[in-house]
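Chemist: Protein chains in written order, with the numbering used here: chain A, 1 to 319; chain B, 1001 to 1322; chain C, 2001 to 2711.
Glycine residues also receive a C-beta, built at the ideal position from the N, C-alpha and C atoms.
The structure's right below; bear with me while I get my questions together.
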Amino acid sequence: MLSFIGRSIIQKTITLFFVSIVSFLIIHLAPGKPSQVDPLNPKFTPEIVERFRKEFHLDKPIYVQYVYFYRDLFTGKTVSWKDNQSVLGKIWERFLNSLPLFIVGTIITWTLSFPIGIRSAIFRGGLYDRSATFFSYLLISVPGFFFAYVLIIFVVTHFHVPVIGLKTFGIGDASWLRMIMDRVWHLLLPSVLGATGGIAILSRYVRSQMLEVEGQDYVRTARAKGVPEEQVHYKHALRNALLPFVTMFGLILPGLIGGSVIIESIFSWPGMGRMAYEAILARDYPIILTVNFVSAVLVLAGTFVSDLLYLVVDPRIRL
Amino acid sequence: MKTIGKDSRVDDPMADRRSGIEEFWRLLKQNRLAMIGLTIFGLFFCIALLGLVLTTGRNPAFDPAMVRLQEKLRPPLSRPNLETLRPEEVPRLGVYLFGTDDLGRDVFARMLQGAWVSLTVGFVAVGISVIIGIFMGGISGYFGQNHPSMDTLIMRFVDIMLCFPSFFLILTVVALLPASMYNIMIVIGLTSWMGTTRFVRAEFLSLREQDFVTAARALGVNHWRIIFRHMIPNAMAPVLVSATIGIATAILTEAGLSFLGFGVPPPHATWGSILSDGKRFIFDAPWLTFLPGFAILIVVLSFNLFGEGLRDILNPKLRERY
Amino acid sequence: MTIRRVLILAPTVLILFLIQSYLWVPTYEEQTRGNPDRLNEYITASIGDASILNPILSADSASSDIQSLVFEGLIDRDEELRFRGRLATSWEIYEEAFFYVNEDASIPGVGRARAQEVVALIRRAKAGEIPTDPELETSLANIREISVGPAKNFLVTRYEKKNEEDKTPAELKIQVSAPARIKLVLDAVDQDLFQNLSHILGKDYFSSFNGQGYLTVDDERWQEKRTKYAEKILPATEHNPIVVFHLRPGVKFHDGHVFDAHDVKFTFEAIMNPKNLSPRIADYEPVKRVEVVDPLTVSIVYKRLYSPALGTWAMGILPEHLLNDEALKKEAIRLGKDPEKFSMRQSRFNRHPIGCGPFVFREWKSDQYIILDRFYDYWEGPPNYKHYIYRIVPDLLTQEMEFYAGTIDSYNVQPHQVERLRDDPRYQNFSGPSFGYTYIGYNMRRELFNDPRIRRALSMAIDVDKIIDYVLYNQGERITGPFVKQTDYYNHSVKPVPYDPQAALRVLEEAGWRRNKEGWLEKDGKRFQFTLITNSGNDLRKAVLAIAQDAWKQIGIDVRTDLLEWSVFIQERVDKADFDALILGWVMGIEPDLYQIWHSSQTHPHQLNFVAFNNSEADDLIIKIRQEYDHERQVAYCHRLHEIIAREQPYTFLYVAKWTAILDKRIVIKETDRQGNVMYKKIKPTKTGNFAFYFNKWIKLPEAPGFAAEG
């Protein structure tokens, strides 16, 4: 057990090291330079541009830049090129903003996927199953931003309430309950939109897991000895079908950054994804690289957690 | 109650004697959703080809770049105002089938052109990822046992690539590179081969233990011939499934990039770019948003359903179980 | 079965909980009815966030939006775009001009002359004792006093590098024994002074001044550079325009500290401090020194004639007591950073600015909002709105949705939205010409474009009026040259290039381009083909791109198009002049200084004359304009320059887009007269098109008031 953890950590650290090199190369070999120096602003002379380059070590060879960058990152000294703010501070702030969106989205995904998936498996081949399949794929197939706009316009024109941002602006000094509910409302649309894909995929997965388990001998035995059908499904089958999902908890971590760029831009949600996107537009390399690094850490931590959970949950595996 | 190749094999004693293709076709016909998917897919393919023919050249039948400012934002099926147009500006069908956009360009022509571009983006991107995936997975799976270091190297590389959040990585690279259709296809391809590599490797690991491979090796057939002649055809099933779904994903990814302003640049129109250009006018000209939106939805859905159907048909384990 | 029940109950409860939150959210009407405070807040939306709230460091529009409310400059522009005093109550401009006595030159009728004799000569001429021409007479009448600076000796130390790699530059001592220098104090700045004086002093009195004769360089290696040193150390003539600002007494910063002349001097020094990397350094480089005469008077001495100088003092003034070396050092120590390396760029001030503008900074959440409160001690009286909120909403469509939902009072409204909302009884709308224009620029380094006829033909093929009509919904005006259309620098007598594709074809045929079988234009077997590029993310430019491509295709020109992401577009294509033709826009300052964009010395990589416009008469005019302080004459030069540029057509000048705005009708101007009577007025844009000019007097009312018919 301990040796597994040790090996795993070493391996992941090495992977992380290579990720840092690859991401650094991708960004520095591409054209385009930091944009705090807006070259079309007549106020910037070439001398100033040159001085900016010096200030941010851009005149040094690339491996030196690499060392500088990660040295600063680990000592917490990296600052954004755009506004001189500490990168880690910015990411932490955005992380906290993304978190509720992520949590609500995850809760919606997991609470909805299981009933849908299980029911599909029980009534496999039936109308319910087929329409669930169809709707799952419908949700995966719709372009997210298209769906988002249709929803926003529908809500605003029919209910005349604001939906953009973290909360209603100008709500004034309302009661705390109202403030909280207002925030919940603003969470609703983006997290539902963020969850659609997840619901579709996860419910399909639940269905196939259930089908897999229902074919097993012990389920057949249970049925044969006269256990009521309902109990067979929800007690014998479901428990075993749930096993692999425990390990999936680890794998949802990277979702914190990944697919949220578009949703966060549309809803002007000040989260990680939007910050990353704006950093790309501004060529704010420290932010791009740090987000990349943090998300790689999340991915590796996620797989690590899921490996551990697997160890704990499944008695057959002993590494 | 017919879905997903249910019980057919057991019922039908003839099944084993039929050829693979016939068997495949029979199973596909039983899976209605997959069949619909395939039909739409075929239709889309024809439209895209037709689009290519009809919208290119010096004087194409449908000119997607023809600007008629005085005819802007006409709703679908409206007739052109013949008095203000020069003869060559009148749309070919005598009517704006899908309306016009904010510059008075014929949306129908643009959608036709976009169909081809979207299709190309999807196919080329997936082509690239499949080729890389088979190559890497094949090497790793076939030579892995004798050269563990090569296997480790490839699989570690897969791990590294999987550490990047894929959409964010694509966005970064596309934003940094000069915008072009080819760059987008290549970048999507280069960032989506890891899954294919993994299961091709798994497939190869099990295939290389099978008798026909051992036999071939005993006969002294060279490695590459074994790989290309014997193993890849047998490992194609899951690749095909993931490729179908991959095309759908690539089309969606391109639409997402277009939305953020990094999609295929003009003069090529893609459905994604028509949609994201049109969304400004969603109150004035909803068809500019809804037509391409639903077109993407339907095509992607058909790919996904077809892919799902393929998965069921090609997966004997699932087929036999119920 | 419990499990089953839980499985069904959990999602149901979750969904119900989420949906019921709708009941708590205020609708458009409730926001103002139920919450009277909302009327005292002005919420506006922006696509991008501010980057740094320090007027000397920022270079983006979002930051300057906020800075214009938090900080105050010495002057600004009034409704008519004339200068108006803010922190300065008044100012005067005069000049000190210097020239060295040229002891070798022979003055007509006098011969070689020493300082006193030259002075006497000028005095006599001024008194009318010597026949003069009218120009000289004006120059002489302008002279307030004449004095002589005695000859003096001094030592100049310079550091020279032998070549690029030389790490330690050699120290170089230059012994200067300067001759006497005559100082003329002028009532008004006069760029022709020395030229006119040479009418009596001799044609080459100034140009033949031998500066290097007065220098002794101690190191042999640098002897050949003596001429260069002489130009720097002993310039034959020198114009020193001087601006004296009289400051407003009793103005306070938001923290209560009183504003005075030292803050002005500090702001200037902060800009010039290389540690701060200020992007505004180029504007202030011509300043020789800033002198504090007394706490309420500051005089600014310029090194040379530079007429756009006055406009630069509209920049916000920083509080010295919070940002001087001492304060920064304290802050560095408090933050545990190295005081040596700590500069204004790192200071907390940039996210918590303090100025003396009408609004006090309160809070900034990155990518969410910036909140300002009104400043009760504002010298002009506090604004009506209690709060100003600047929201960052990156998507134009969702901005519109937020506007409908009532959580934004104004947003970046697009022309087609104005068109739609024009007749909506809830809203009022405004529009007016902006200071920026859009153009198609041709790279004249390419052979294809180095003929003005061709450029003109290309312009003739594009129907600009149609673009304005249909793409801009009439929210735009044609433009024919590079000056701001609302100012009198703009030459209204220049006619726009007419839309006439047939004539364009004829012109092209004259130049040798004929249609081939396929219909493409050809010359010597080569097709007329080029690539038109612009940046992505700007819908209007993208539309112009498609229209231009189509229009040129009609006359047989094969145009490829490319959309590039902004930084790639600028750095790879524009900076390296690697393009055929491009669509771009300039936002003009009101000052008519065109040096950086049109002067032929500015065509190198990274410079702004990337189309390589080169015309000697234009060069001459550009220099004259930036040295002329007299408005009438400046206008005359500008009109001439405008004609030349319009004739040469280095750009196809397309249009000035109008800015557009939509506001709730309940937002009005509220004025209180001396008797305390409150009056409401409708918001109206000023003549030059600034609808927010009276922003400090705006307020939102619970009901839209009825206005008496306005005469």
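Who are the Cβ neighbours of Ala-1255/B in its own chain at under 7 Å, not counting the five residues just before and after it?
Modeler: Cβ within range, chain order: Trp-1271, Gly-1272, Leu-1275 and Ile-1296.
Chemist: Taking beta-carbon pairs under 7 Å, can you tell me which members of the region 2010 to 2038 of chain C lie near chain A?
Modeler: Cβ contacts with chain A come from Ala-2010, Pro-2011, Leu-2014, Leu-2018, Ser-2021, Tyr-2022, Trp-2024, Val-2025, Pro-2026, Thr-2027, Tyr-2028, Gln-2031, Asn-2035, Asp-2037 and Arg-2038.
Chemist: Does the separation of the CB atoms of Met-1231/B and Phe-1199/B fall below 9 Å?
Modeler: No, these two residues do not count as a Cβ contact at 9 Å.
Chemist: Taking CB distances under 9 Å as the criterion, tell me whether Asn-84/A reaches chain B.
Modeler: Judged by the 9 Å Cβ criterion, Asn-84/A is not in contact with chain B.
Chemist: Give me the subset of the region 1156 to 1168 of chain B whose CB atoms are less than 9 Å from a CB atom of chain A, sorted by chain position.
Modeler: Those residues of the region 1156 to 1168 of chain B that come within reach of chain A (Cβ to Cβ, closer than 9 Å) are Arg-1156, Phe-1157, Asp-1159, Ile-1160, Met-1161, Leu-1162, Cys-1163, Phe-1164, Pro-1165, Ser-1166, Phe-1167 and Phe-1168.
Chemist: Using the Cα positions of Trp-2698/C and Glu-2477/C, report the straight-line distance between them to the nearest angstrom.
Modeler: Using only the alpha carbons, I get a separation of about 29 Å.
Chemist: Can you check which of these residues, Gly-1263/B, Leu-1314/B, Ile-1245/B and Arg-1280/B, is closest to Asn-1234/B by C-alpha distance?
Modeler: Measuring from the Cα of Asn-1234/B, the nearest candidate turns out to be Leu-1314/B.
Chemist: Please report how far the alpha carbon of Glu-93/A lies from the alpha carbon of Ala-2062/C, in whole angstroms.
Modeler: Going from the Cα of Glu-93/A to the Cα of Ala-2062/C covers about 21 Å.
Chemist: Using beta-carbon positions only, say whether Trp-2566/C and Ser-2536/C come within less than 9 Å of one another.
Modeler: Contact: yes.
Chemist: Looking at Phe-2361/C: is its Cβ nearer than 9 Å to the Cβ of Ile-2066/C?
Modeler: The answer is yes: Cβ separation under 9 Å.
Chemist: Does the distance from the CB of Ile-2389/C to the CB of Leu-2372/C come in under 9 Å?
Modeler: Yes.
Chemist: DSSP puts Ala-2535/C in a beta bridge; with which residues?
Modeler: Reading the sequence as shown, one finds Asn at residue 2535/C and not Ala. Its beta-bridge partners are Leu-2564/C.
Chemist: Can you give the beta carbon distance from Leu-101/A to Gly-271/A, rounded, assuming they're within the 8 Å contact cut?
Modeler: That pair is a contact at about 6 Å.
Chemist: Would Tyr-2376/C and Asp-2664/C be called neighbours here (beta carbons separated by less than 9 Å)?
Modeler: No, the Cβ-Cβ distance between Tyr-2376/C and Asp-2664/C is not below 9 Å.
Chemist: Could you check the C-alpha separation between His-2604/C and Arg-2084/C for me, to the nearest Å?
Modeler: Each residue's Cα considered, the two are about 37 Å apart.
Chemist: Given that Leu-1240/B touches chain A, what residues does it touch there, using C-beta distances under 8 Å?
Modeler: Correct list: empty, because the minimum Cβ distance to chain A is about 18 Å.
Chemist: Is the beta carbon of Tyr-2042/C closer than 9 Å to that of His-2257/C?
Modeler: Not closer than 9 Å, so no.
Chemist: For the beta strand (DSSP E) containing Gln-2428/C, list its first residue and its last residue.
Modeler: Its beta strand (DSSP E) spans residues 2427 to 2442.
Chemist: Assuming contact is defined by CB atoms lying nearer than 9 Å, are Asp-2540/C and Ala-2457/C in contact in what I supplied?
Modeler: The sequence shown places Leu at residue 2540/C, rather than the Asp named in the question. Going by C-beta atoms, Leu-2540/C is not nearer than 9 Å to Ala-2457/C.
Chemist: DSSP on Glu-2238/C, reduced to helix/strand/coil?
Modeler: Note: Glu-2238/C maps to strand in three-state DSSP.
Chemist: Less than 6 Å between C-beta atoms, sequence neighbours within five positions excluded: which residues of the same chain meet that for Arg-2527/C?
Modeler: Answer for Arg-2527/C: Trp-2520 and Asp-2558, listed in chain order.
Chemist: According to DSSP, is Tyr-2629/C part of a helix, a strand, or is it coil?
Modeler: In this structure, Tyr-2629/C counts as coil in the three-state DSSP scheme.
Chemist: Taking a cut of 8 Å between CB atoms, which residues from the region 109 to 137 of chain A lie near chain C?
Modeler: From the region 109 to 137 of chain A, only Thr-111, Leu-112, Phe-114, Pro-115 and Ile-118 have a Cβ closer than 8 Å to chain C.
Chemist: Would you check if the distance between the CB atom of Tyr-2094/C and the CB atom of Val-2292/C is smaller than 9 Å?
Modeler: Contact flag unset, no.
Chemist: Within the chosen definition, does the region 1100 to 1113 of chain B reach the region 1170 to 1185 of chain B through at least 3 CB pairs nearer than 8 Å?
Modeler: Result no; under three Cβ-Cβ pairs closer than 8 Å.
Chemist: Indicate whether at least one CB of chain E lies closer than 9 Å to the CB of Phe-1283/B.
Modeler: In the displayed structure, chain E is absent; the protein chains listed are A, B and C.
Chemist: When you compare each of Gly-194/A, Ile-122/A, Thr-78/A and Phe-147/A to Leu-99/A by their alpha carbons, which one comes out closest?
Modeler: Taking only the C-alpha atoms, the option nearest Leu-99/A is Gly-194/A.
Chemist: Beta carbon of Arg-2391/C, beta carbon of Ile-2408/C: below 9 Å?
Modeler: Against a cut-off of 9 Å, the Cβ pair of Ile-2408/C and Arg-2391/C comes out as a contact.
Chemist: On the DSSP bridge assignment, give the partners of Asp-2076/C in chain order.
Modeler: Answer is Arg-2084/C.
Chemist: Residues in the region 1248 to 1267 of chain B with C-beta within 8 Å of chain C's C-beta atoms, listed in sequence order?
Modeler: For the region 1248 to 1267 of chain B, which is checked against every Cβ of chain C, the residues closer than 8 Å are Gly-1261, Phe-1262, Pro-1265, Pro-1266 and Pro-1267.
Chemist: When you compare the CB positions of Gln-1030/B and Pro-1064/B, do they come within less than 9 Å of one another, or not?
Modeler: Not in contact: Gln-1030/B and Pro-1064/B (Cβ atoms no closer than 9 Å).
Chemist: Quick check on the DSSP output: the beta strand (DSSP E) that includes Phe-2361/C runs from which residue to which?
Modeler: Per DSSP, Phe-2361/C belongs to the beta strand (DSSP E) from 2359 to 2365.
Chemist: Where does Arg-1311/B fall in DSSP's three states?
Modeler: Helix at Arg-1311/B.
Chemist: Just tell me which of Pro-1091/B, Ala-1048/B and Gly-1141/B has its CA closest to the CA of Ile-1226/B.
Modeler: Comparing Cα-Cα distances from Ile-1226/B to each of Pro-1091/B, Ala-1048/B and Gly-1141/B, the minimum goes to Gly-1141/B.
Chemist: Cutting at 7 Å between CB atoms, please list the residues of its own chain near Glu-2643/C, excluding the five before and the five after it.
Modeler: Within the same chain, Glu-2643/C has close Cβ partners Asn-2491 and Val-2494.
Chemist: Could you tell me the alpha carbon to alpha carbon distance between Ala-1243/B and Val-1130/B, rounded to whole angstroms?
Modeler: For Ala-1243/B and Val-1130/B, the distance between alpha carbons rounds to 7 Å.
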